[in-house]
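Protein sequence lines, in the order shown, are assigned to chains B and A. Here the first sequence stands for residues 121 to 276, numbered as in the working numbering. Here the second sequence stands for residues 3 to 396, numbered as in the working numbering. Here a beta-carbon is modelled for each residue, glycine too, at the ideal position from N, C-alpha and C. Before any comments, here is the structure.
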Amino acid sequence: MSASGGAVSSPTAYLPAGLPRPVPEPDGLDTPYWEGTRAGELRVQRCRDCGAWQWGPEWICHRCLGFDLAWAAVEPRGRIYSWERAWHPVHPALKDHGPYIVVLVELPHAGGVRVVGNLLGDPLQPVEIGAAVAAVFEPHEDPKAAFTLVQWRKTG
Amino acid sequence: MSAPRTIRGRVAVAGIGETAYYKHGQAPESEVALALRAVLAACADAGIDPRQVDGFASYSNDRNDPSRLAAALGLPELRFSNMQWGGGGGGGSAAAGNAAAAIAAGYAECVVVFRALAQGQFQRFGAAPPAATVSGEAALTFPYGLISPAQRFAMRVMRFMHDHGIRPQAQRAIALASYHHAQSNPRAVMHGRPLTPEAYDASRWIVEPFRLFDCCMENDGAAALVLVSAERARDLPQRPAYLLGAAQGSEYRSGARGHNAPTYASASFTTVAPHLYAMAGVAAKDVDVVQSYENFTGGVLMSLVEHEFFAPDEANEFLTVENLTAPDGRLPLNTSGGNLAECYMHGLELQIEAVRQLRGESTSQVPGARVAMVISGPMVTPVSSMILGTEAAL
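As structure tokens, this is what we get:
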């Protein structure tokens, strides 16, 4: 499971090892999200008082201003709201890697909140806004702090 | 009835100053020295003793603290020091608006708006910071290779172009207009380096839908403007450029993290622009020349839409090199070369160019320009924009 250069990544990771590793916020706000990805769940916030969906995470519900926010595991599927194909390597880990696709995925069944990920498959594939996608959990077993990313693949 | 709360006509830009502009990393002296030189140049242009400056306003976490500048310049007193929240160039017009508000309110008499950058001495904008871990919003994007400003904004533009059927040639026209104007401007970093449509089309992708020439440069240098009351400006040597209006802010939940702004395919001006026009008492049709911050050309495109110069579905027809170039285009845009081709002074060179247009001193002059707009920092939050006018526009 060890990659070269001391960095450790998933053998099936979409992007090369060495990109910055996500860690929960010091105040604990997003800890349930990161714990959820480890358990194979995509969790976003939902207000226990008014039912509003919310993402990214915040301590208060933007609709009713209540502080009682639950973490709801949502069905990990959605549709592509927007996308980009990145070519210029802005990080040393991406040097000589070639293009890759970032997608912004809307979750219609969770109030339309959006999550960022990569679109798996051919990096030169055509991408259609509105296309249906499903999540693929991508574990990274870093001995210092394991984490799991949420990636996407086209369906149908 | 109380008087309307406005800065319209009450404050003017009396002086402008800048250092030479350099490619990033090539400034021959310290960033703070550049800042001091720009302040002195702006005071000299205004015809005032630098010891009359009693305030500073800047943005984007400029590293050059007003207290240090005041001490370095031996100012008798410092009465106003202001930093506009937010990153990128979104605070450029807000800083001028904040300075004007301070003067109108009586907090200070002579406020310098400035920005200094020597990226060779600090972290570059376009490269990932050297961190092993990320948290908060960055944790939701960096591990997916969504890191740089170009990558952060490309999906907003992609969605806008998709929604409105906008062709790549619309972005290209914005880039070509900036390069065209830079060829007349000896200060421009890209002076003597014209851009052709063929070279644009052949340029490499940075991140789709942005090619190399859709992206701003990164530069070293400093720029400053001296603001005083309108009454005082009339007694100074330069033709005053009066503030007609300034506005800052962003839309409902623009700052929702992880790309969750409800108005996503936007430059963030849909609420700001109406406030700007209301204060300035002018409409888009009254604007003679526009300086619109180019972090990326698609951001300019959306900024112009949101300031009502054309509807989204008219973008393909409106955005042509002919329409965007001085002296006689329908809407001369970025007439110094702007962030793409003059200098990436975080947009403050755009404010200076607007003043030059109103003085009749631009290297790509719009004949008889009376009303000039500056749009600062599309797609960040908060953003800001301002309108300047000549005496005849008051």
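Would you kindly work out how many angstroms separate the C-alpha atoms of residue i and residue j, rounded to a whole number?
{"i": "residue 292 (chain A)", "j": "residue 171 (chain B)", "result": "45 Å"}
{"i": "residue 270 (chain B)", "j": "residue 139 (chain B)", "result": "15 Å"}
{"i": "residue 255 (chain B)", "j": "residue 144 (chain B)", "result": "21 Å"}
{"i": "residue 204 (chain A)", "j": "residue 114 (chain A)", "result": "42 Å"}
{"i": "residue 275 (chain B)", "j": "residue 193 (chain A)", "result": "50 Å"}
{"i": "residue 285 (chain A)", "j": "residue 136 (chain A)", "result": "44 Å"}
{"i": "residue 133 (chain B)", "j": "residue 258 (chain B)", "result": "6 Å"}
{"i": "residue 147 (chain A)", "j": "residue 175 (chain A)", "result": "29 Å"}
{"i": "residue 175 (chain B)", "j": "residue 164 (chain B)", "result": "6 Å"}
{"i": "residue 90 (chain A)", "j": "residue 128 (chain A)", "result": "11 Å"}
{"i": "residue 210 (chain B)", "j": "residue 218 (chain B)", "result": "12 Å"}
{"i": "residue 26 (chain A)", "j": "residue 74 (chain A)", "result": "25 Å"}
{"i": "residue 97 (chain A)", "j": "residue 263 (chain B)", "result": "47 Å"}
{"i": "residue 179 (chain B)", "j": "residue 260 (chain A)", "result": "15 Å"}
{"i": "residue 120 (chain A)", "j": "residue 294 (chain A)", "result": "22 Å"}
{"i": "residue 17 (chain A)", "j": "residue 109 (chain A)", "result": "20 Å"}
{"i": "residue 223 (chain B)", "j": "residue 70 (chain A)", "result": "45 Å"}
{"i": "residue 222 (chain A)", "j": "residue 46 (chain A)", "result": "22 Å"}
{"i": "residue 190 (chain A)", "j": "residue 364 (chain A)", "result": "12 Å"}
{"i": "residue 276 (chain A)", "j": "residue 386 (chain A)", "result": "12 Å"}
{"i": "residue 237 (chain B)", "j": "residue 150 (chain A)", "result": "15 Å"}
{"i": "residue 272 (chain A)", "j": "residue 249 (chain A)", "result": "12 Å"}
{"i": "residue 309 (chain A)", "j": "residue 328 (chain A)", "result": "20 Å"}
{"i": "residue 155 (chain A)", "j": "residue 236 (chain A)", "result": "42 Å"}
{"i": "residue 121 (chain B)", "j": "residue 250 (chain B)", "result": "Low confidence applies here, because residue 121 (chain B) scores a pLDDT of 33, under 50, leaving its location unreliable; read the following figure in that light. When rounded, the distance between both Cα atoms is 36 Å."}
{"i": "residue 130 (chain A)", "j": "residue 92 (chain A)", "result": "20 Å"}
So, at 8 Å on beta carbons, what are the nonlocal neighbours of residue i in its own chain, with the 5 sequence-adjacent residues on each side left out?
{"i": "residue 169 (chain B)", "result": "181, 184, 186 and 188"}
{"i": "residue 208 (chain A)", "result": "152, 214, 216 and 217"}
{"i": "residue 206 (chain A)", "result": "213 and 214"}
Whose Cβ in chain A lies nearer than 8 Å to the Cβ of residue i?
{"i": "residue 143 (chain B)", "result": "135, 136, 137 and 141"}
{"i": "residue 176 (chain B)", "result": "139, 142, 258, 259, 260 and 262"}
{"i": "residue 211 (chain B)", "result": "129, 130, 147 and 149"}
Thinking C-beta only, is residue j closer than 8 Å to residue i?
{"i": "residue 389 (chain A)", "j": "residue 282 (chain A)", "result": "yes"}
{"i": "residue 251 (chain A)", "j": "residue 228 (chain A)", "result": "no"}
{"i": "residue 1 (chain A)", "j": "residue 159 (chain A)", "result": "Nothing can be reported for residue 1 (chain A), as the shown portion of chain A is limited to 3 through 396."}
{"i": "residue 200 (chain B)", "j": "residue 253 (chain B)", "result": "yes"}
{"i": "residue 13 (chain A)", "j": "residue 231 (chain A)", "result": "yes"}
{"i": "residue 53 (chain A)", "j": "residue 77 (chain A)", "result": "yes"}
{"i": "residue 339 (chain A)", "j": "residue 183 (chain A)", "result": "yes"}
{"i": "residue 380 (chain A)", "j": "residue 262 (chain A)", "result": "no"}
{"i": "residue 19 (chain A)", "j": "residue 239 (chain A)", "result": "no"}
{"i": "residue 288 (chain A)", "j": "residue 374 (chain A)", "result": "no"}
{"i": "residue 337 (chain A)", "j": "residue 302 (chain A)", "result": "no"}
{"i": "residue 347 (chain A)", "j": "residue 226 (chain A)", "result": "no"}
{"i": "residue 246 (chain B)", "j": "residue 221 (chain B)", "result": "no"}
{"i": "residue 326 (chain A)", "j": "residue 334 (chain A)", "result": "yes"}
{"i": "residue 126 (chain A)", "j": "residue 220 (chain A)", "result": "yes"}
{"i": "residue 172 (chain A)", "j": "residue 323 (chain A)", "result": "no"}
{"i": "residue 233 (chain A)", "j": "residue 123 (chain A)", "result": "no"}
{"i": "residue 146 (chain B)", "j": "residue 213 (chain B)", "result": "no"}
{"i": "residue 198 (chain B)", "j": "residue 177 (chain B)", "result": "no"}
{"i": "residue 161 (chain B)", "j": "residue 206 (chain B)", "result": "no"}
Quick one: which chain A residues come within Cβ less than 7 Å of residue i?
{"i": "residue 206 (chain B)", "result": "147, 153 and 209"}
{"i": "residue 237 (chain B)", "result": "146"}
{"i": "residue 233 (chain B)", "result": "262"}
Which residues in the same chain have their Cβ closer than 6 Å to the Cβ of residue i, if we skip the five residues on either side of it in sequence?
{"i": "residue 125 (chain B)", "result": "In this prediction, residue 125 (chain B) scores a pLDDT of 36, lower than 50, which makes its location untrustworthy; no coordinate-derived value is stated."}
{"i": "residue 111 (chain A)", "result": "56"}
{"i": "residue 101 (chain A)", "result": "59, 113, 115 and 229"}
Using 8 Å for Cβ pairs, my map puts residue i next to residue j. What's the rounded Cβ distance?
{"i": "residue 58 (chain A)", "j": "residue 83 (chain A)", "result": "6 Å"}
{"i": "residue 186 (chain A)", "j": "residue 62 (chain A)", "result": "Actually they do not touch by this definition, with Cβ atoms about 28 Å apart."}
{"i": "residue 23 (chain A)", "j": "residue 344 (chain A)", "result": "7 Å"}
Below 8 Å on C-beta distance, what does residue i contact in chain B?
{"i": "residue 164 (chain A)", "result": "202 and 249"}
{"i": "residue 206 (chain A)", "result": "207 and 208"}
For residue i, return the contacting residues in chain B, with the cut-off set at a CB-CB distance below 7 Å.
{"i": "residue 85 (chain A)", "result": "Within chain B, no residue comes near residue 85 (chain A); the closest Cβ sits about 24 Å away, beyond 7 Å."}
{"i": "residue 255 (chain A)", "result": "182"}
{"i": "residue 160 (chain A)", "result": "202, 203 and 204"}
{"i": "residue 156 (chain A)", "result": "204"}
Identify, in the order they occur along the chain, each residue of the same chain with its Cβ nearer than 7 Å to the Cβ of residue i, setting aside the five sequence neighbours on each side.
{"i": "residue 257 (chain A)", "result": "383"}
{"i": "residue 177 (chain A)", "result": "197, 202, 215, 216, 299 and 342"}
{"i": "residue 165 (chain A)", "result": "267"}
{"i": "residue 44 (chain A)", "result": "17, 18, 19, 114, 226, 227 and 228"}
{"i": "residue 204 (chain B)", "result": "222"}
In chain B, which residues lie with their C-beta within 9 Å of the C-beta of residue i?
{"i": "residue 169 (chain A)", "result": "Near residue 169 (chain A) there are no residues of chain B at all, since even the closest Cβ is about 16 Å away, more than 9 Å."}
For a cutoff of 8 Å on Cβ pairs, would you count residue i as touching chain D?
{"i": "residue 372 (chain A)", "result": "Judged by its chain identifiers, the structure shown contains no chain D, and its protein chains are B and A."}
Identify the contact partners of residue i in chain A, using a Cβ-Cβ distance below 9 Å as the criterion.
{"i": "residue 222 (chain B)", "result": "143, 146, 147, 148, 153, 156, 157 and 209"}
{"i": "residue 246 (chain B)", "result": "Near residue 246 (chain B) there are no residues of chain A at all, since even the closest Cβ is about 11 Å away, more than 9 Å."}
{"i": "residue 269 (chain B)", "result": "145 and 146"}
{"i": "residue 135 (chain B)", "result": "145, 146 and 147"}
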